[in-house]
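Peer 1: Below you will find the structure I want to go over with you.
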Amino acid sequence: VELEASDELWELLKSMMRAAPALRIGISLVDTHPVVVRARRAMERMRAQWGPVFGASPLGAVPEGFLDEILGRGKRNRDVIIVDDEEEEDGMEDDWDMDLGA
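Spelled out as structure tokens, the structure:
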């Protein structure tokens, strides 16, 4: 994956690799990060379609547009990009959408 292609993923990786442990992002924020949430949703769809073992594993085949979906680049449909921004079911913002500044 070219990190320049996904600012969102690059920022997540940088926040996880800070030299000072106190400045690193916590696991609860990693778990709710949009890239991780999209990856989990995509893997759950694959598991439902192809079964719980190989089809939903990193070693299984993935459908066209899988990586674009996870990286938030939208889906391509005849040169039209379809953005899939699902709202949270409870209507609340997740931590990544909120201003968590001091």
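Using full-length UniProt numbering, you'd call the opening residue of the sequence shown number 1 and step up by one each time. In this text, a Cβ means the ideal position worked out from N, Cα and C, and glycines have one as well.
#1: Between the Cα of Arg24 and those of Glu11, Asp68, Val36 and Glu69, spot the shortest distance and give me the residue it belongs to.
#2: Is Arg47 near the ligand FAD, judged by its Cβ being under 7 Å from some heavy atom?
#3: By alpha-carbon positions, which one of Leu9, Val30 and Val62 ends up nearest to Arg45?
#4: Measuring CB to CB, does Glu8 end up less than 8 Å from Val35?
#5: Residues in its own chain within less than 6 Å of Arg18 by CB, not counting five upstream and five downstream?
#6: Give the secondary structure of Leu71 by DSSP, where H, G and I count as helix, E and B as strand, and everything else as coil.
#7: Using 8 Å as the threshold, is the C-beta distance between Gly65 and Ser6 below it?
#8: For a test of the three-state rule: what should DSSP assign to Ile62, helix, strand or coil?
#9: Compare the beta carbon distance of Glu69 and Ala48 with 8 Å and say whether it is the shorter of the two.
#10: Can you tell me where the alpha helix (DSSP H) holding Ser15 begins and where it ends?
#11: Can you tell me which of the three DSSP states Arg24 falls into?
Peer 2: A quick look at the data gives this:
#1: Translated into positions along the sequence shown, residue 24 becomes position 24. Minimum Cα distance to Arg24 is reached at Glu11.
#2: Although the ligand FAD was asked about, the structure shown includes no ligands whatsoever.
#3: Within the sequence shown, numbered from 1, the residue matching residue 45 stands at position 45. The residue with the shortest Cα to Cα distance from Arg45 is Val62.
#4: As a working mapping, residue 8 is identified with position 8 in the sequence shown. As a working mapping, residue 35 is identified with position 35 in the sequence shown. Yes, the Cβ-Cβ distance between Glu8 and Val35 is below 8 Å.
#5: Counting from one through the sequence shown, the residue named residue 18 turns up at place 18. Arg24.
#6: In the sequence shown, residue 71 corresponds to position 71, counting from 1. Three-state DSSP puts Leu71 in coil, outside helix and strand.
#7: Taking the first residue of the sequence shown as 1, we reach residue 65 at position 65. Taking the first residue of the sequence shown as 1, we reach residue 6 at position 6. The answer is no: Cβ separation not under 8 Å.
#8: The count along the sequence shown starts at 1 and reaches residue 62 at position 62. Checking the displayed sequence, the identity of residue 62 turns out to be Val instead of Ile. Looking at Val62 - three-state DSSP - the assignment turns out to be coil, as it is neither helix nor strand.
#9: Start at 1 with the first residue of the sequence shown, and residue 69 comes out as number 69. Start at 1 with the first residue of the sequence shown, and residue 48 comes out as number 48. No, the Cβ-Cβ distance between Glu69 and Ala48 is not below 8 Å.
#10: For the purposes of this step, residue 15 is taken as the residue at position 15 of the sequence shown. From DSSP, the alpha helix (DSSP H) with Ser15 extends over Asp7 to Met16.
#11: Numbered from its first residue, the sequence shown carries residue 24 at position 24. Looking at Arg24 - three-state DSSP - the assignment turns out to be coil, as it is neither helix nor strand.
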